[in-house]
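In order, the protein sequences belong to chains A and B. Using the numbering used here, the first residue of the first sequence is number 138, and each one after it goes up by one. Using the numbering used here, the first residue of the second sequence is number 138, and each one after it goes up by one. Shown next, in structure tokens, is the structure this report addresses.
There are 2 protein chains.
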Amino acid sequence: MNARPTIYDVAQRAGVSKSLVSLVLRDAPHVAEAKREAVKKAIQELGYRPSRAASALASQSTRSVGLLIDDFRNPWFVELLAGVRSVLDPAGYTVTVADLRLEEASGRNPVDGFLAQHVDALVVAAEAPPEMVRDVRVPLVIAGTRSLTPLLGKSLDDGAADVVAGDDDAGGQLAARHLLALGHRRIAHLSGQGAPAEHRRRGYVRAMAEAGAEPLVYGVDGGTDEANGFRAMRQALDAGGRAAGGPPTAVFAANDVMALGAMAALRDAGLRVPEDVSVLGYDDSPLAAYGYIRLSTVDGHSRRLGAEAAQMALDRMAAPAAPPRRLLLEPAVVERSSVRETIA
Amino acid sequence: MNARPTIYDVAQRAGVSKSLVSLVLRDAPHVAEAKREAVKKAIQELGYRPSRAASALASQSTRSVGLLIDDFRNPWFVELLAGVRSVLDPAGYTVTVADLRLEEASGRNPVDGFLAQHVDALVVAAEAPPEMVRDVRVPLVIAGTRSLTPLLGKSLDDGAADVVAGDDDAGGQLAARHLLALGHRRIAHLSGQGAPAEHRRRGYVRAMAEAGAEPLVYGVDGGTDEANGFRAMRQALDAGGRAAGGPPTAVFAANDVMALGAMAALRDAGLRVPEDVSVLGYDDSPLAAYGYIRLSTVDGHSRRLGAEAAQMALDRMAAPAAPPRRLLLEPAVVERSSVRETIA
DNA sequence: GGTAACATTTGGAGCGCTCCAAACGAGAGT
DNA sequence: ACTCTCGTTTGGAGCGCTCCAAATGTTACC
């Protein structure tokens with residue numbers, strides 16, 4: 138009566154067998170054009186929609202891949218997702234997204250969720266606890282602006298994960314050198330917890346040392362959020378007041394949101410950006426592009442990252458035994474209006 | 138061998154029948170504690186995870202609800218989602234999110250996707266084309282900061298949709314009155330396409346008329362994005378220059394992103410916010426709360442909206458024949474630092 | 001001691017689909 | 001006319017689980 142039509146209903150209406158309907162559904166070759174049409178017509182008329190559950194159960198494949206990101210609030214993921222879909226959509230795969238922060242907040246393990254869902258592959262673009270991805274038996278791709286360390290552990294252990302990531306070390310160096318090249322010497326770095334921040338920091342410190350400039354790092358023990366950006370910037374300003382050379386002339390923040398916090402602190406202190414101090418962010422998130430913000434930033438190519446990750450997933454599904462791949466994307470600085478040469 | 142363990146494997150290992158395992162899985166009553174433990178132990182040891190597909194197929198229910206939002210890039214949805222999950226998680230439901238813009242970009246119908254997935258209910262928080270939700274046979278709830286118009290059509294047709302929404306008309310009035318009460322008279326409104334913007338505009342116009350002030354609307358034919366906010370603000374400024382009273386002393390934007398565009402235009406024009414002109418946004422998106430922005434805005438209570446929508450979905454699943462419900466949430470203004478009294 | 005009443009456990013019949021081996025037809029070749 | 005092919009179509013056996021009716025144990029009560 139009112140129940141959802143099944144493949145049998147379609148078959149009956151089209152005057153063929155359920156098997157033929159199934160073939161049409163997956164548009165197989167060797168189906169007579171007339172029958173194909175008849176089936177399509179019946180599908181149309183009945184408003185039939187195949188049941189994913191049944192199909193998944195029978196075929197042992199959901200043709201879906203899971204994407205784990207860390208926080209929906211950080212728009213970083215949007216481009217990443219667009220990249221992932223750009224390669225998975227044409228291949229007929231569906232992608233489901235979960236937010237690590239949100240899942241954990243409600244006491245769930247998102248990876249379990251994905252596995253219960255029978256995803257065919259998993260793309261992890263968040264700093265997930267290693268044990269969470271320990272023995273995932275589906276193709277696993279690690280993607281991140283994110284640094285590799287916690288992931289290398291996993292992939293070395295069982296050789297099963299492909300990884301594609303922005304090179305955060307290089308990005309940190311790039312940022313510092315960019316500022317150095319513009320004549321800055323007192324360059325503060327606003328950092329925070331977590332692997333990506335740590336690598337960016339490391340790169341920054343190295344570049345500063347090479348240039349013979351003193352590394353000035355703040356906020357290491359805080360989050361990589363706006364509040365800590367604000368706080369760390371204040372510290373940098375206070376330290377600069379008491380210390381030798383005065384306040385920094387440039388600031389490199391571990392990400393765009395922290396940079397935004399820094400800009401608030403600078404404005405509150407009566408300092409102008411970029412006239413008095415230059416601010417450089419990281420991620421090239423949508424935030425940075427707003428006309429009111431115009432933040433110069435380091436671009437980790439998140440869209441490309443997503444596309445590469447998706448391709449790796451596809452490749453591994455095709456060839457599960459192929460040697461794992463690694464790909465590092467070289468970051469680049471995006472000039473907007475928050476950075477300029479020193480006046481000094 | 139290497140295959141995923143099934144319920145039978147667990148049963149065998151625990152020395153019980155598959156049915157008992159199934160009971161334990163859905164923690165049914167009337168199961169002896171000892172057996173329950175044994176089953177749990179076996180599950181643990183085997184790393185067993187139930188197959189959602191099989192369970193969905195057998196039980197004719199996925200215990201999942203779909204949430205359709207309009208654009209991942211607009212962080213408006215984050216709180217909405219949190220609200221939805223806050224009621225659905227405890228009830229044991231899973232929620233899957235799709236982004237209308239993204240789905241359409243890849244030529245898919247997200248609702249079809251949800252239905253193929255057999256969601257038990259659908260929450261639509263985007264301005265989906267009516268035909269898209271036409272004959273959805275699952276409980277449907279419409280949620281929005283979004284105005285009701287396009288939805289009322291649908292729900293009146295078949296009486297099957299519950300709706301909860303922010304009252305955009307009231308919000309528009311509220312915004313205008315708020316500014317009026319602070320002594321502003323030349324209050325420009327930056328608007329755009331789409332039902333929510335239209336209703337906010339209508340409210341604004343009414344309140345202005347009631348106060349005997351002239352409505353000044355710009356940007357109606359553009360999007361509700363940053364670029365149009367910028368452009369509309371420029372127009373308002375130019376018009377003010379030529380016309381009678383000078384540039385507006387206050388601006389009410391149809392949403393926060395447009396307000397941000399307006400702030401950029403104002404800054405470029407050498408005008409300060411709020412000293413020279415007040416800016417009021419709408420949505421109370423995360424954007425507005427950044428220290429660097431501190432945008433005063435109208436709060437549509439998106440979290441509560443999500444929670445109410447989820448509850449409605451739950452209620453309707455429990456009682457499919459209950460009369461449809463309507464709920465309008467009264468917006469409120471959130472004071473930050475972008476609005477102040479007129480000096481005049 | 002026997003049995004009713006309940007608590008606990010179990011096998012079987014699907015859920016709607018895919019996939020396979022087998023059946024069917026219709027020309028082509030001899 | 002009769003095989004052979006090859007392209008097309010079909011029934012049947014699951015996929016891993018839920019749900020039901022029925023079986024089995026256990027306790028209590030007469």
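Ideal Cβ placement from N, Cα and C applies to all residues, glycine included.
So GLU216 (chain A) and SER439 (chain A) are in contact, right, with Cβ under 8 Å, and what is the actual spacing, rounded?
-> Yes, GLU216 (chain A) and SER439 (chain A) are in contact; Cβ-Cβ is about 4 Å, under 8 Å.
Can you tell me the Cβ-Cβ gap for LYS476 (chain A) and SER433 (chain A), rounded? I've got them flagged as a contact below 8 Å.
-> Sequence inspection shows Val at residue 476 (chain A); the Lys mentioned does not correspond to that position. VAL476 (chain A) to SER433 (chain A), Cβ: 4 Å. Contact.
Listed by chain order, chain A residues near HIS438 (chain B) by CB distance under 8 Å | Residues of chain A passing the Cβ test: none, with the nearest at roughly 18 Å.
LEU277 (chain B) in three-state terms, based on DSSP = strand
For GLY382 (chain A), count neighbouring C-beta atoms within 10 Å of its own C-beta (all shown protein chains included) and say buried if the count is 16 or more, exposed if not.
-> Burial call: exposed.
Kindly indicate which three-state DSSP category VAL300 (chain A) falls into: helix, strand or coil?
-> Shown here, VAL300 (chain A) sits in a strand according to DSSP, grouped into three states.
Option in A:ALA253, A:GLY250 and A:LEU218 with minimal Cα separation from LEU239 (chain B) = Taking only the C-alpha atoms, the option nearest LEU239 (chain B) is A:LEU218.
Could you check if ALA201 (chain B) is buried or exposed, using at least 16 other CB atoms within 10 Å of its CB as the buried criterion?
-> Note on residue identity: the sequence assigns Ser, not Ala, to residue 201 (chain B). The residue in question, SER201 (chain B), is buried, as its Cβ has 16 or more Cβ neighbours within 10 Å.
Can you name, in chain order, every residue of its own chain whose Cβ lies under 7 Å from the Cβ of THR479 (chain A), other than the five neighbours on each side?
-> LEU319, GLY320, HIS321 and THR386
What is the C-beta distance between GLY308 (chain A) and GLY437 (chain A), in whole angstroms, given that I count them as a contact (C-beta under 8 Å)?
-> 7 Å
With a cut-off of 7 Å, does the C-beta of LEU327 (chain B) fall near any C-beta of chain A?
-> no
By how many angstroms is the C-alpha of GLU264 (chain B) removed from the C-alpha of ALA298 (chain B)?
-> 14 Å
Considering ARG112 (chain A), what are the terminal residues of the beta strand (DSSP E) in which it resides?
-> It is not possible to answer for residue 112 (chain A), since the shown part of chain A is limited to 138 through 481.
Status (buried if at least 16 other CB within 10 Å, exposed otherwise) for ASP413 (chain A) = exposed
Determine the chain B residues that contact ASN398 (chain A) at a beta-carbon separation under 7 Å, and present them in chain order.
-> Sequence check: residue 398 (chain A) is Gly here, not Asn. Per Cβ cutoff of 7 Å: GLY428.
Which residues in the same chain have their Cβ closer than 8 Å to the Cβ of LEU316 (chain B), if we skip the five residues on either side of it in sequence?
-> Cβ neighbours of LEU316 (chain B) within its own chain (closer than 8 Å, five residues either side excluded): ILE324, ALA387, PHE389, SER415, LEU417 and VAL476.
Nearest neighbour of ARG337 (chain B), chosen from B:ALA426, B:GLU351, B:LEU311 and B:MET454 [CA to CA] | Ranking B:ALA426, B:GLU351, B:LEU311 and B:MET454 by Cα distance to ARG337 (chain B) puts B:LEU311 first.
Are there 16 or more other CB atoms within 10 angstroms of the CB of ASP164 (chain A), so buried, or fewer, so exposed?
-> So ASP164 (chain A) counts as exposed.
Would you mind telling me which residues of chain A sit closer than 7 Å to PRO187 (chain B), beta carbon to beta carbon, in chain order?
-> Those are ALA253, listed as they occur along chain A.
Using alpha carbons as the reference points, say which of B:GLN149, B:GLY281 and B:SER156 lies closest to TRP213 (chain B).
-> Out of B:GLN149, B:GLY281 and B:SER156, the CA that lies nearest to the CA of TRP213 (chain B) is found in B:GLY281.
Leaving out five residues before and five after VAL492 (chain A) in sequence, what residues of the same chain have Cβ atoms less than 8 Å from its Cβ?
-> Not covered by the structure: residue 492 (chain A). The range shown for chain A is 138 to 481.
Where ASP257 (chain A) falls: helix, strand or coil (DSSP) = coil
At least one CB of chain B closer than 7 Å to the CB of ALA140 (chain A): is that the case?
-> no
Residues of chain B with CB under 7 Å from GLU125 (chain A), in chain order?
-> Any answer about residue 125 (chain A) is impossible in this case: the structure gives chain A only from 138 up to 481.
Between VAL176 (chain A) and LEU194 (chain B), what straight-line distance do the alpha-carbon atoms span, to the nearest angstrom?
-> 24 Å
Residue ranges of each alpha helix (DSSP H) run of no fewer than 4 residues wholly in the stretch 173-209 of chain A, ordered along the chain?
-> Entirely contained in the stretch 173-209 of chain A, the alpha helix (DSSP H) runs reaching 4 residues are, in chain order, 189-196.
Spell out a yes or no on whether the stretch 255-263 of chain A and the stretch 271-280 of chain A are touching, meaning 3 or more CB-CB pairs, one atom from each, closer than 8 Å.
-> yes
With 16 other Cβ atoms within 10 Å as the buried cut-off, status of ALA228 (chain B) = exposed
Counting only runs of 4+ residues fully inside the stretch 322-361 of chain A, write out the alpha helix (DSSP H) ranges in chain order.
-> 332-347
Does the beta carbon of PHE209 (chain A) sit closer than 7 Å to a beta carbon anywhere in chain B?
-> In terms of beta-carbon proximity, PHE209 (chain A) lines the interface with chain B, with at least one pair separated by less than 7 Å.
For MET269 (chain A) and ARG245 (chain A), the rounded distance between their alpha carbons | 11 Å
Between the CA atoms of PRO352 (chain B) and LEU464 (chain B) - distance to the nearest angstrom | 29 Å
Contacting residues, own chain, Cβ-Cβ under 6 Å from SER192 (chain A) (five flanking each side not counted) | none
Which runs of the beta strand (DSSP E), 3 residues or longer, sit entirely within the stretch 209-269 of chain A?
-> The qualifying runs are 231-236 and 258-262.
What are the complete beta strand (DSSP E) segments, minimum 3 residues, inside the stretch 365-426 of chain A?
-> 387-390 and 415-419
When DSSP labels each residue in this structure, what does LYS291 (chain B) get in the three-state scheme?
-> Summary for LYS291 (chain B): the model assigns pLDDT 49, below 50, so the residue's position carries little reliability; its value from the coordinates is reported in the next sentence. Looking at LYS291 (chain B) - three-state DSSP - the assignment turns out to be helix.
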